[in-house]
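*Asks:* When the count follows this note's numbering, it moves up by one through the sequence shown with no breaks and lands on 65 for the last residue.
Below you'll find the structure I mean.
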Amino acid sequence: MFQYWDEQGLWPELQGILSEKFVKKGDYMIAPPQFADPALNYDGYRAGIRRVNGSWKFSYFVNG
Numbered sequence: 002m003f004q005y006w007d008e009q010g011l012w013p014e015l016q017g018i019l020s021e022k023f024v025k026k027g028d029y030m031i032a033p034p035q036f037a038d039p040a041l042n043y044d045g046y047r048a049g050i051r052r053v054n055g056s057w058k059f060s061y062f063v064n065g
């Protein structure tokens, strides 16, 4: 996964998403906040975090 991000130059995208405010959506805290608003129909990169059995889990999504 990290090799792919290196090869595709995606680190600035991830940095940009993680610098956004995180807001609640379902069981996750997600960024960017536009993804939490269904009226905006946001389909860009997004990240989410949540606690599972006491451990934080991180998800990063791209459209393809």
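We put the CB at the ideal spot given by N, CA and C, even for glycine.
Answer with buried or exposed for A40, where buried requires no fewer than 16 other C-beta atoms within 10 angstroms of its C-beta.
*Replies:* Here residue 40 refers to the residue found at position 39 of the sequence shown. That one is exposed.
*Asks:* Name the DSSP bridge partner or partners of K25?
*Replies:* As a first step, residue 25 must be located in the sequence shown, where it is residue number 24. Partner(s): M30.
*Asks:* Is G17 helix, strand or coil when you go by DSSP?
*Replies:* Position 16 of the sequence shown, counting from 1, holds the residue named residue 17. Helix.
*Asks:* How far does the alpha helix (DSSP H) with Y5 in it reach, from first residue to last?
*Replies:* Looking up residue 5 in the sequence shown gives position 4. It spans F3 to Q9 - the alpha helix (DSSP H) in which Y5 sits, taken as one unbroken run.
*Asks:* In terms of residues, what are the limits of the beta strand (DSSP E) holding V63?
*Replies:* Along the sequence shown, one-based indexing puts residue 63 at 62. Premise fails: V63 is in no beta strand (DSSP E) and is neither H nor E.
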